[in-house]
Amino acid sequence: MSLTDGAIARIRELIRSGALPPGAKLPPEQRLAAELGLSRNLTREAVKALVVSRVLEIRRGDGTYVTSLEPRLLLEGIGEAVELLRGETLLELTEVRRLLEPVATGLAAVRISPAQLASARGHVAAMRAARDDIEALIEHDAAFHRAVVAATGNQTLSSLLDGIAGRTLRARVWRGLVDDGAADRALAEHQAIVDALADRDAVLAEAAALVHVSSTERWLRRQLEESLPRDVSDAVSSSVSSTVVGDAASELEEP
85 MSLTDGAIAR
95 IRELIRSGAL
105 PPGAKLPPEQ
115 RLAAELGLSR
125 NLTREAVKAL
135 VVSRVLEIRR
145 GDGTYVTSLE
155 PRLLLEGIGE
165 AVELLRGETL
175 LELTEVRRLL
185 EPVATGLAAV
195 RISPAQLASA
205 RGHVAAMRAA
215 RDDIEALIEH
225 DAAFHRAVVA
235 ATGNQTLSSL
245 LDGIAGRTLR
255 ARVWRGLVDD
265 GAADRALAEH
275 QAIVDALADR
285 DAVLAEAAAL
295 VHVSSTERWL
305 RRQLEESLPR
315 DVSDAVSSSV
325 SSTVVGDAAS
335 ELEEP
C-alpha cells in the first residue's frame, strides 16, 4: 500500500467509525494531518482522492465536508467507468445486467405506483413515436428503465443499474437494432414489461425483463463476433455463457 493509499484509508476509517459522519466538516488541513500523524502533503493528496470519489466535497471559502454518502452519489462513478469498457468486458457488463435487472423488474411489479406506471407507459409510447429517431430512442429507453427500477424503492439498486447501463452501449445497440430493422421487436419487449407491471405480475415481469436483456446480450455478442478475427471471436464466445436464450426460455417455461 502506498503512503497516499494509507492516508486515504485513515480518513475512510474516521468516516466508517462515525467520527466523521455524513455532512461533517473536516478539521483544517494542518490539524487533520497532526491528528492522523501524516504530513500535510499526504493529507492533501488523500483529501483530493476522496473528493474525486465523492466521499468528500470542498466548499470554497468554507472548508471540506463529508458528503451525504448516498448510493446515488457514491455509485455515480460506475457510469463513467462503464463508458471506457470495450470488447469482451461489454459482454460481462450485460451479463451483470441480466442477473440484476429482471429481479428488480419483478420487485417493481409489486411496488410500482400508478404515477410510476404511467411514466413507464409514457416512455414506451414516446419510443414508438420516435422509432427512427436514435437520440429519442436512447433518451426514452434510459428513462423507461430508470422509472421501472426506481419503482423498487431501492436507491442502491437504482444507482447501480443506472450506472451499468452505459449511454454509449445503449446508443450502439439502438443504432444496430434500427439498422437491422429490429426496433419493433425491442419495442414489443418494452411493452411486454409494461403490461406485466400493469398486471402486478412479478413472475411475468421478471421473465419479460429477462427476455429483453437477453436479447440485447445476444445481439451484442453477435456484433462483437462479426467484428473480430475468427480465432478471437471464438474465444469471446467460449468465455461468456452461450446459454442466454436457454436461460430466458427456462424462466418462461417454469411453472
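Taking our numbering, the leading residue of the sequence shown gets 85, the next gets one more, and so forth.
Even for Gly, the Cβ is constructed at its ideal location relative to N, Cα and C.
Predicted, not measured: the structure shown is a model, and the values here were computed from it.
Counting along the chain, the unbroken alpha helix (DSSP H) around Ile248 starts and ends at 239–249. Bounds of the alpha helix (DSSP H) holding Gly190 are 172–195. Collapsing the DSSP output to three states places Val136 in a helix.
Going by DSSP, Gly163 is part of the alpha helix (DSSP H) stretching over 160–166. With a cutoff of 8 Å on beta-carbon distance, Pro106 and Val136 are scored as not near each other.
Within a 10 Å sphere around the beta-carbon of Val232 sit 16 or more other beta-carbons, which makes this residue buried. Here the C-alpha atom of Asp216 lies approximately 7 Å from the C-alpha atom of Val262. At a Cβ-Cβ threshold of 8 Å, Arg181 and Leu157 do not count as neighbours.
Ser243 is not a Cβ neighbour of Pro186, given a cutoff of 8 Å. The beta-carbon distance between Ala280 and Ala292, rounded to whole angstroms, is 5 Å. This is short enough to meet the 8 Å contact definition.
Taking 8 Å as the cut-off, the beta carbon of Val297 is found closer than this to the beta carbon of Thr178. Per DSSP, reduced to three states, the secondary structure at Thr151 is coil, with no helix or strand assignment.
Counting of Cβ neighbours within 10 angstroms places Val131 among the buried residues, the total reaching 16 or more. In this chain, the alpha helix (DSSP H) harbouring Ala270 covers 267–282. In the DSSP secondary-structure assignment, Ile142 is bridged to Thr148. Distance from the Cα of Asp146 is smallest, within the candidate group Leu120, Glu172, Leu110, for Leu110. Take the alpha-carbon of Ala289 and the one of Ala133: they are about 41 Å apart.
Looking at Glu119, Ala202, Thr127, Gly265, the one whose alpha-carbon comes closest to that of Ala103 is Glu119. One alpha carbon belongs to Leu116, the other to Ser86, and they sit about 19 Å apart.
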